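Below is one structure, written out as structure tokens; comments come after it.
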Amino acid sequence: MRALAQYVMRGPLQAGGVAAVTTAVPLLFWIGAAVTGLVVLRLGIRQGLNIGLWALIPAIGWAVYGQDPTALALLLQVMLMASIIRTTLSWERALLSGAFLAILTGLMLPVMYPALLNDLVQAGVEVYEQYNTEMARALGGELEQVIRDTMNASMAGTYFATAIGMTMLARSWQAGLYNPGGFRKEFHGLRLSPAVAVVCAITMVVGPILGLNAILLAWAAGTPLVLAGLALVHGVFARKQWSGNWLAMFYVALVLLGPNLLMLLVVLAFVDSWLDIRGRIPAGPAE
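Counting along the sequence shown from 1, when you hit position 138 you're at 726 in the numbering used here, and nothing is skipped either side.
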């Protein structure tokens, strides 16, 4: 991947070509988004927009003719977050902008892609009725609406989470080429401010109260907290100079425990925004 980043940074022709081709090829659209993000981060928003146009053409083609908005949504979110980082050097603001776009995406999907969503909902209803009959009976006539909200939120949330990953990939490419170790230090220090943490927590809670799509709001507001929780874990492990094996075990536990550990990360990130846990932990012997 480092070789790809080096090739992309040789000039606009190489960057635009890679962005266009990878976005046009199925399952490689994430590379096009990351390449565009790298150009934005390194050369600025104007140059990034020029390269982004190369990727935007096939992305729009997929969205209009292929009825698949994935590449377009991912590209726009990466461009937005990379631009925010470029201008403010703030991951917090980038995550907030991405969360806003995720909510907007969730609102627009049923309007722009009703057929796609209907197909997913129908498939979900059939699965529930076949394999989870008790839940299907309990929900009754609300089953379709519940599945619709879940599918809609999952699509928008997955786009957001993937866009964060591609923005981080672009940032790591930039650091690897021009500032070795910079991204690692930046990620280990990622911490939400108390005000933003409170806004995220409230957003996750008020969804059901206001009758909004609670799952969509949970995706949008919870993802920044989860990322901040992961940064906290990485930062603590690095500060204590613990072996990478422990970090690997943590991710195995994250896969096995799933929602329970994710909720713990959300709580830790919220507490860390007020207490700065990393700053209170003694450094390991190497520091």
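Backbone N, C-alpha and C define an ideal beta-carbon position, used for all residues, glycine too.
Bear in mind the structure is a predicted one, so any value in this text is a computation, not a measurement.
Ile639 sits close to Gly604, with the two beta carbons spaced by under 8 Å.
Annotated as proximal: Val666 and Thr624, with beta-carbon spacing under 8 Å.
Within a 10 Å sphere around the beta-carbon of Glu714 sit fewer than 16 other beta-carbons, which makes this residue exposed. Only residues of its own chain outside the window of five on either side were considered, and among them Ala682 have a CB closer than 6 Å to the CB of Ile673, listed in chain order.
Counting every other CB atom within 10 Å of its CB across the protein chains shown gives Val709 a total of 16 or more, marking it as buried. Out of Gly867, Asn833 and Leu780, the CA that lies nearest to the CA of Val854 is found in Leu780. Within 10 angstroms of the beta-carbon of Leu818 lie 16 or more other beta-carbons, which makes it buried. Rounded to whole angstroms, the gap between the alpha carbons of Met589 and Met696 is 34 Å. Rounded to the nearest angstrom, the gap between the Cα atoms of Trp834 and Ala607 is 36 Å.
Under the DSSP assignment, Asn833 falls in the alpha helix (DSSP H) whose first and last residues are Gly832 to Leu845. Contact holds between the segment 657-666 and the segment 742-753, because three or more Cβ pairs, one in each stretch, are under 8 Å apart. Taking a contact to require three or more Cβ pairs closer than 8 Å, the segment 833-849 and the segment 796-809 do not qualify as touching. As the crow flies, the alpha-carbon of Ala758 is around 33 Å from that of Pro702.
With contact defined as three or more Cβ pairs closer than 8 Å, the segment 781-790 and the segment 853-869 are in contact. Taking C-alpha positions only, Leu629 is separated from Ser685 by approximately 16 Å.
Contact check between the segment 730-739 and the segment 761-771: fewer than three CB pairs, one atom from each, fall below 8 Å, which does not count as touching.
For Tyr595, the enclosing alpha helix (DSSP H) begins and ends at Arg590 to Val596. Per the coordinates, the alpha-carbon of Lys773 lies some 44 Å from the alpha-carbon of Asn706. The beta carbons of Ala809 and Ala687 sit closer together than 8 Å. Here DSSP, grouped into helix, strand and coil, assigns Leu684 to helix. For secondary structure counted as the alpha helix (DSSP H) over 4 or more consecutive residues, the segment 631-664 holds these complete runs in sequence order: 633-652. Rounded to whole angstroms, Ile803 and Gly599 show a C-alpha spacing of 42 Å. In this structure Ala871 is not in contact with Ala816, their Cβ atoms being roughly 21 Å apart against a cut-off of 8 Å. Rounded to whole angstroms, the separation of the alpha carbons of Trp642 and Gly777 is 34 Å.
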